[in-house]
Amino acid sequence: MFKRKRLAEYTLLCLGLLLFVVFMAKAFAQNVTQGYQSDSSLQPGMIVRLVAGNAGKIEPLTQSSETEMLGVVVASSEAPVSLSSDVTKQQTYVATSGQYDVLVSNQNGVIKNGDLVTISSLDGVGMKADAVHQVILGKAVETYDGTSAAQSTAELKTSGGSRTVTIGRIKVNIDVAHNPEYQPVTAEAGVPGWLASATQVVTDKPVGPARIYASLIIVLVCTLITGSLLYAGVRTSLTSIGRNPLARKSIVRNLLQVVLISLIIFTIGLIAVYLVLRI
């Protein structure tokens, strides 16, 4: 009976020590930042990635490279422990977990407490995540409405024209991971995937099959007309020059007019396609 009691005490003691070590290791990991070199000026709160081919350097993360997200720039004083690969050079410290301030914008609307945060169209600046983005930086623990805590503004160029967004700082629980809400762009019924993806780039929204195919027909017709005009113009000009070399200047001038008309027709076709997809 006494041996069983001692065995139970030892078991509980070992279990307690194990839980303590796990808890301390987790807390330690969340408060460790890593130092990196950088060729650009990075302010705290910027989302960064490793420079391609150089694991010791970082640069602002872009939306096109969101899958390479590393973490967020922090001040060395924000974590009790900071690791550095080269103490002789100035370091920029990056946190990959823990709760830190992050630069965010209202590009994708108001960020509320509990919303997922990802990279925006502004390099190094976050925004509210949606189903389009594959990777998230973490979960917001504060709200950013784009007005009360705004620190600066930026101009974005979108397919719908220019747009002004505001930039501020909120605390985010950093935990770089796959976006659980991510949904890859799928093709509309009866529309090839490549065609649906190309349409998505132009419109930033789903488009029905009828408008997609109408736009495709317009492009094909304009291309056919433009190609026919250019082929006929070049062939006729070369034949005319061969027959009458003295009229070369006049023939070249006529050829340039044909080329200009062809470009105008093709441009009108592209504008028509844009309007069909955007309406």
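One rule links them: number in the working numbering = place in the sequence shown (from 1) + 1. We treat Cβ as the ideally placed atom computed from N, Cα and C, and that holds for glycine.
No Cβ-Cβ contact shorter than 8 Å links Ile218 with Gly125.
Under the rule that a run must span 4 or more residues, the alpha helix (DSSP H) segments found entirely inside the region 200 to 252 read 210 to 244. The region 139 to 146 makes contact with the region 165 to 174: 3 or more CB pairs, one atom from each, lie closer than 8 Å. Taking Val208 as reference, the option from Leu278, Glu156 and Leu271 with the minimal CA-CA separation is Leu278. In this structure, DSSP gives Leu71 an extended state, which the three-state scheme calls strand. Put simply, the backbone Cα of Val203 is about 27 Å away from that of Ser229.
By the neighbour-count criterion, in which 16 or more other beta carbons inside 10 Å mark a residue as buried, Ala233 falls on the exposed side. For the 8 Å CB-CB criterion, Ile112 and Asn180 do not form a contact. Minimum Cα-Cα distance from Ser66 among the listed residues Leu271, Val74 and Val52 corresponds to Val52. Gly99 places its beta carbon 8 Å or farther from that of Ile213.
Note on Arg50: 16 or more other CB atoms within 10 angstroms of its CB, so buried under the neighbour-count rule. Per DSSP, the unbroken beta strand (DSSP E) holding Met128 starts and ends at Gly127 to Lys129. Per DSSP, the beta-bridge partners of Asn55 are Val52. With a beta-carbon spacing of about 14 Å, Lys58 and Ser42 fall beyond the 8 Å limit used to define contacts. Between Val75 and the set Thr93, Ser263 and Ile265, the nearest pair of CA atoms involves Thr93. Rounded to whole angstroms, the gap between the alpha carbons of Ala248 and Ser263 is 23 Å.
In terms of CA proximity to Thr34, Ser77 leads the group Ser77, Val274 and Ala130. An exposed status is given to Gln91, since fewer than 16 other beta-carbon atoms sit within 10 Å of its beta-carbon.
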